[in-house]
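Before any comments, here is the structure.
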Amino acid sequence: MIFNKNVIATAALCLGLALQAHAHAAISPALGVKGNPVRNDAQRPQKNNECGSVDIAKNFDSSTAVQAAANGSFVATITNFNGGIDGSRQVTALVDPTGTGKSFVSADVLQNGDKNPNDNGSQQLVVQLPAGSTCAGGASKDKCLVSFTTAGGFGNCVVVQQAAAASSKGDSQSSAAAASSSAPDASASTRAAKATKAAASSVASTSAAASSSVVSAVSTSAAAASSSVAASSSAVASASTSVAASASSSAADASQTQTANQIDEELLKEFKALKKLIEEKLRVRPPCLTSLGLGH
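With mature numbering (1 follows the signal peptide of the UniProt record, and there is no 0) applied, the sequence shown covers -25 to -1, 1 to 271.
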């Protein structure tokens, strides 16, 4: 039987749609999906079409991103909708640091899911970004695109944000800027220290000069005071000598006065005695005196 090309193409499309409608596992948070993915959100990743039919450019920035740890590892969740190999929760992973879907490289899955589960459920996947990877996708320039494919051939893409690395890069730039800023500050501090040292030296010199001036002034004042005291002492000594001389002279004068007084008193006594004697004698009229008319 001969089939025309249109029939074959239609059959292939129907088969693809049927397979997508009955996909058996999806990884959350899925690219282009809000909330938890359902069966119809799962894709069939293929080479050069690792995110299936999802428009990467249109959905990359608006999709929920997984935050990577500082060591480059991140956690995603896989949910299967059928048991067996078709619903396998075991995956392989590819990473595109550009976020464009055009530069995928292999990534290590550190913790994987069951290859042939006998139930429907969810498991955590732990994936390690390749060493030295720098996510540069999206408007924030810090996102990677990760493609998951299960052992059953299903899967989808997830956006991963390399926040820790971006932060480290920002911190490095901040540190460099701070170091650059600190350089002039250090220079300014050095200049300030030199100025402070010079000012201290100047103050010390001024203080020394002031101290010398004060000491000199005090010494001069002390010498002048000593001279004044010596002069005062000399004056006091002279005054004392004068007082002593005056006292001595006064004593001599007093002694002479006392002597004169004593002589006067003695002379007065003798005169009084002589007078008395004369009076007594005159009471007896000597004949000679009476004859001379001197009896009275």
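Cβ coordinates follow ideal geometry from the N, Cα and C atoms, glycine included.
Beta-carbon spacing of residue 115, residue 136 below 9 Å:
Yes. Within cutoff.
Based on the DSSP output, what are the partners of residue 3 in its beta bridges?
52
Per DSSP, the bridge partner or partners of residue 79:
None, per the DSSP bridge assignment.
Which residues in the same chain as residue 71 place their Cβ atom closer than 6 Å to its Cβ, once the five residues preceding and following it in sequence are excluded?
78, 79 and 120
Buried or exposed for residue 66, going by 16 or more other Cβ atoms inside 10 Å?
Buried: at least 16 other Cβ atoms inside 10 Å.
Do residue 48 and residue 55 have their CB atoms nearer than 9 Å?
no
What are the residues that DSSP puts in a beta bridge with residue 71?
120
Does residue 114 come out as helix, strand or coil in the three-state DSSP assignment?
coil
Do residue -2 and residue 125 have their CB atoms nearer than 9 Å?
yes
Taking the alpha carbon of residue 59 as the point to measure from, which residue in 91, 82, 17 and 133 has its own alpha carbon closest?
Selected option, being the one with the closest Cα: 91.
Taking 9 Å as the threshold (C-beta atoms), are residue 134 and residue 118 in contact?
Taking 9 Å as the Cβ cut-off, residue 118 and residue 134 qualify as a contacting pair.
Is the beta carbon of residue 132 closer than 9 Å to that of residue 6?
yes
In terms of residue numbering, what span does the alpha helix (DSSP H) encompassing residue 32 cover?
Start and end: 31 to 34.
Should residue 16 go down as buried or exposed, given a rule of 16 or more other Cβ atoms within 10 Å for buried?
buried
What does residue 130 pair with, by DSSP beta-bridge criteria?
18 and 124
What residues in its chain sit with their C-beta under 7 Å from that of residue 113, if we drop five residues either side in the sequence?
35, 36 and 74
Is it right to say residue 43 is buried, meaning 16 or more other beta carbons lie within 10 angstroms of its own, or is it exposed?
buried
Tell me the residue span of the beta strand (DSSP E) that contains residue 97.
97 to 103
For residue 39 and residue 51, I'd like the C-alpha separation in whole angstroms.
Taking the straight line joining both Cα atoms gives about 12 Å.
So which of 99, 240 and 81 has the shortest CA-CA distance to residue 53?
99
Backbone CA spacing between residue 76 and residue 9 [nearest angstrom]
20 Å
For residue 23, verify whether its CB is less than 8 Å away from any heavy atom of the ligand GTP.
For the structure depicted, the ligand GTP is absent and the ligand set is empty, with no information on it obtainable.
Run through DSSP, which three-state label would residue 40 get?
DSSP places residue 40 in strand when its eight states are reduced to three.
Residues in its own chain within less than 8 Å of residue 106 by CB, not counting five upstream and five downstream?
47
What does residue 136 pair with, by DSSP beta-bridge criteria?
Residue pairing by DSSP places residue 136 opposite 42 and 118 in a beta bridge.
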